[in-house]
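The sequence shown begins at 775 in this note's numbering and counts up by one.
Before any comments, here is the structure.
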Amino acid sequence: MIFGQDKYTKIAIFLHWVVGLLVLSLIALGIYMHDIPKGDPDRAFFFNLHKSIGVTVGLLMLIRLWWRRKNLPPALPNSIPGWQRRLSKLSHGLLYGVLIVMPVIGFAASQFTKYGVTYFGLFKISPMGSNNPEIRDWLQSIHHDLSYVIMGLIAIHILAAMYHWIVLRDGIIRRMLP
Ligand code: HEM
Ligand code: HEM
Numbered sequence: 775m776i777f778g779q780d781k782y783t784k785i786a787i788f789l790h791w792v793v794g795l796l797v798l799s800l801i802a803l804g805i806y807m808h809d810i811p812k813g814d815p816d817r818a819f820f821f822n823l824h825k826s827i828g829v830t831v832g833l834l835m836l837i838r839l840w841w842r843r844k845n846l847p848p849a850l851p852n853s854i855p856g857w858q859r860r861l862s863k864l865s866h867g868l869l870y871g872v873l874i875v876m877p878v879i880g881f882a883a884s885q886f887t888k889y890g891v892t893y894f895g896l897f898k899i900s901p902m903g904s905n906n907p908e909i910r911d912w913l914q915s916i917h918h919d920l921s922y923v924i925m926g927l928i929a930i931h932i933l934a935a936m937y938h939w940i941v942l943r944d945g946i947i948r949r950m951l952p
């Protein structure tokens, strides 16, 4: 049994789990919201909750990216073959990409509605664009398609983590545990 020598920094671990939980809640909310009919009094509440959490994830990802540039992840143990290193790098890179692009697209779509974003009921980020359903629908369809990409990536990611934890028992999981 060979253990990963090192861990991610405390801040990287904190951001991983906070963003992870928020993104799972965004997916659940997104799917739930989709079926709330227009005119239902709950609709605005759930839409604004999703938008507020989504904007928060976008901001946390910017901090995370900045932190990661200054604190590179610990080197993988030598037991991990080259193809797995490349796959891990690729899947983490794609996760970072989609975790930044999704909030940007969602936020951009909200800029072409008359609602904008009411951030956790505290203040309103008024839309910068005009009320343009065509642009909004186009951006929202990208947001929708990307939601399948992110769900697929997360499923692969969690399965890989479980494989390392339960089958290989190589200590990879402990690199991301507090
Ligand atoms: C990482 C961040 C985000 C994730 C993972 C995410 C995920 C999702 C998912 C899974 C859906 C349901 C799929 C669909 O109905 O199209 C959805 C819908 C939606 N998202 Fe997001 N979202 C994120 C950020 C945002 C942001 C920042 C905003 C706006 C400020 C936003 C606005 C919306 C809206 C308005 C819908 C509903 C579309 C509709 O049903 O008409 N999202 N999101
Ligand atoms: C049960 C849930 C999860 C487990 C057990 C888990 C586990 C891990 C582990 C062990 C690592 C470090 C891999 C390494 O040492 O190379 C990691 C990295 C990462 N995880 Fe997760 N994860 C989970 C959920 C999530 C979710 C929901 C997301 C996305 C929203 C996510 C995004 C990431 C990203 C982007 C990295 C790369 C971090 C970096 O290199 O800066 N994880 N995860």
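Even for Gly, the Cβ is constructed at its ideal location relative to N, Cα and C.
On a predicted model such as this, the values are computed, not experimentally measured, just so you know.
{"Asked": "Mark ASN822 as exposed unless 16 or more other C-beta atoms lie within 10 angstroms of its C-beta, in which case mark it buried.", "Found": "buried"}
{"Asked": "By the 10 Å Cβ neighbour count, where 16 or more other Cβ atoms means buried, how is PRO811 classified, buried or exposed?", "Found": "exposed"}
{"Asked": "How close, in whole Å, do the beta carbons of ILE837 and LEU789 come, if the pair is a contact with beta carbons under 8 Å?", "Found": "7 Å"}
{"Asked": "For GLY828, which residues from the same chain have a beta carbon less than 8 Å from its beta carbon, with the 5 sequence-adjacent residues on both sides left out?", "Found": "LEU800, MET876, PRO877, GLY880 and PHE881"}
{"Asked": "Just to confirm the assignment, what range does the alpha helix (DSSP H) spanning THR830 have?", "Found": "816-844"}
{"Asked": "Straight-line CA distance for PHE819 to ARG860?", "Found": "42 Å"}
{"Asked": "Taking the Cβ atom as the reference point for each residue, do LEU839 and HIS931 lie within a distance shorter than 8 Å?", "Found": "no"}
{"Asked": "Buried or exposed: GLY778, going by 16 or more other Cβ atoms within 10 Å of its Cβ?", "Found": "Note that GLY778 scores a pLDDT of 42, beneath 50, so its modelled location is shaky; the value from the coordinates is reported in the next line. Under this definition GLY778 is a buried residue."}
{"Asked": "Between ASP919 and ARG949, what straight-line distance do the alpha-carbon atoms span, to the nearest angstrom?", "Found": "32 Å"}
{"Asked": "Specify the secondary structure class of TYR782 as computed by DSSP and reduced to three states.", "Found": "coil"}
{"Asked": "Starting from the N-terminal side, write out each stretch of the beta strand (DSSP E) that is 3 residues or longer and does not extend beyond the stretch 889-947.", "Found": "891-893 and 897-899"}
{"Asked": "In the DSSP assignment, the alpha helix (DSSP H) including LEU868 goes from what residue to what residue?", "Found": "856-884"}
{"Asked": "Does DSSP put ILE801 in a helix, in a strand, or in coil?", "Found": "helix"}
{"Asked": "Would you report the Cα separation of LEU942 and SER853, rounded to the nearest angstrom?", "Found": "10 Å"}
{"Asked": "I'd like to know whether the C-beta atoms of GLN953 and PRO901 end up nearer to each other than 8 Å.", "Found": "Here the chain covers residues 775 to 952 and nothing more, so residue 953 does not appear."}
{"Asked": "Three-state secondary structure (DSSP) at ILE787?", "Found": "helix"}
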